[in-house]
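Input: a single structure, listed below in structure tokens.
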Amino acid sequence: MRNLHLLYAGDSPAGGPANYLLALIAGLGDVRLTHVPPGRKLKPSLLARSYDGFIFSDFSRGDVPLASEKAVAEQVNNGAGLLMVGGWGSFSGPFGSWKGSLIEDLLPVRCQKNDDRINLAEGLLIREARRHPMFRGLNFDDSPVLIGLNAVKARKESVTILEALPMKNKKGKVSVSSRGYPLLVLHADPARRTAALTTDLAPHWCGGWVDWGKRRLKLPVTDAFGVEVGHKYAAFGQSLLRWLLDS
């Protein structure tokens, strides 16, 4: 992999929910990371250099000045990747409020006007709606159950790769809806690497996703601590990151 630079805004400092994405990124190898935790401003000065990709995950629009939004938009329009990951601070979550933003304009989905959180204790089953080359070798037949996401609307110029189907448990009989929510949506133009993943990559919304796969992997975050995940979760996350960075 060539030397790449990724800006990741959100989730937490190292030691919290950000551990999962931080570990996935570290596992890619030679990626230079700039991480901005929630509560800190994404200052325009951080965007004075070029990035290969941007991730916003549980990061409030209120912490992104308009000048920074414009700088991100310029880089994405010039070929950088953009991924928004679901959460209470993403899309139209109560701490997100990305509706009407320049960042929303770049995404392959539209945000709702009101709170878009879907929390389902009975779960949502992942279904592969369309095969994509980034997941070559990854089988979704044994996909895990999620318990929450942001409800968005896929744009016309997008492709939905994964859906999340609501499940219902009635007197011990589990049924799965045939109609689902968009889970992973990409821009239809392969040259535009913009994506929306509407659930989280860390607990609690991702449910059993972090444990997906029979083999257990211990991924370091720092020299002092790391995370333990299923091998298929790691394969999914790192495949998505490689696509984002065009690596």
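Residue numbers for the sequence shown follow the numbering used here, beginning at 2 and rising by one.
Beta carbons are placed, not taken as given, at the ideal position from N, Cα and C, and that holds for glycine.
Practice task
Check the DSSP bridge columns for residue 238 and list the partner residues they point to.
Solution key: As a working note, residue 238 is residue 237 in the sequence shown. Per DSSP, none; premise fails for residue 238.
Handout entry: Distance between residue 175 and residue 91 (C-alpha atoms, nearest Å)
Key = Walking along the sequence shown from the start, residue 91 turns up at place 90. Walking along the sequence shown from the start, residue 175 turns up at place 174. Rounded to whole angstroms, residue 91 to residue 175 spans 30 Å at the Cα level.
Exercise for the section: Report the residue from 217, 37, 11, 233 whose alpha carbon sits nearest the alpha carbon of residue 140. Expected result: Working through the sequence shown from its first residue, we reach residue 140 at position 139. Considering only alpha carbons, the answer is 233.
Problem - Beta-carbon proximity of residue 150 to residue 165, cut-off 7 Å - result: Sequence index remark: in the sequence shown, residue 150 carries index 149 (1-based). Sequence index remark: in the sequence shown, residue 165 carries index 164 (1-based). Result yes, Cβ atoms of residue 150 and residue 165 sit closer than 7 Å.
Handout entry: Check whether residue 167 and residue 125 have beta carbons under 7 Å apart
Key = Reading the sequence shown from its first residue, position 166 is the one you call residue 167. Reading the sequence shown from its first residue, position 124 is the one you call residue 125. Contact: yes.
Problem - Test item: CB-CB of residue 96 and residue 61 under 7 Å - result: What you label residue 96 is simply residue 95 of the sequence shown in a count that begins at 1. What you label residue 61 is simply residue 60 of the sequence shown in a count that begins at 1. Taking 7 Å as the Cβ cut-off, residue 96 and residue 61 qualify as a contacting pair.
Problem - Whole-angstrom C-beta distance between residue 207 and residue 200, which should lie under 8 Å - result: For the purposes of this step, residue 200 is identified with residue 199 of the sequence shown, where counting begins at 1. For the purposes of this step, residue 207 is identified with residue 206 of the sequence shown, where counting begins at 1. So it is a contact: roughly 6 Å between Cβ atoms.
Handout entry: Secondary structure of residue 21, DSSP reduced to three states
Key = Within the sequence shown, numbered from 1, the residue matching residue 21 stands at position 20. It is helical.
Practice task
For residue 101, count neighbouring Cβ atoms within 10 angstroms of its own Cβ and tell me buried if that reaches 16, exposed if not.
Solution key: For the purposes of this step, residue 101 is identified with residue 100 of the sequence shown, where counting begins at 1. The residue in question, residue 101, is exposed, as its Cβ has fewer than 16 Cβ neighbours within 10 Å.
Practice task
Hey, could you find the ends of the beta strand (DSSP E) residue 174 is sitting in?
Solution key: Reading the sequence shown from its first residue, position 173 is the one you call residue 174. Judged by DSSP secondary structure, residue 174 falls within the beta strand (DSSP E) whose first and last residues are 174–177.
Problem - Test item: CB-CB of residue 41 and residue 6 under 7 Å - result: Working through the sequence shown from its first residue, we reach residue 41 at position 40. Working through the sequence shown from its first residue, we reach residue 6 at position 5. No, the Cβ-Cβ distance between residue 41 and residue 6 is not below 7 Å.
Practice task
Identify whether residue 233 lies in helix, strand or coil by the three-state DSSP scheme.
Solution key: Here the question's residue 233 lines up with position 232 in the sequence shown. Residue 233: helix per DSSP, three-state reduction.
Practice task
Would you kindly work out how many angstroms separate the C-alpha atoms of residue 243 and residue 169, rounded to a whole number?
Solution key: Numbered from 1 along the sequence shown, position 242 holds the residue referred to as residue 243. Numbered from 1 along the sequence shown, position 168 holds the residue referred to as residue 169. Roughly 35 Å between the two C-alpha positions.
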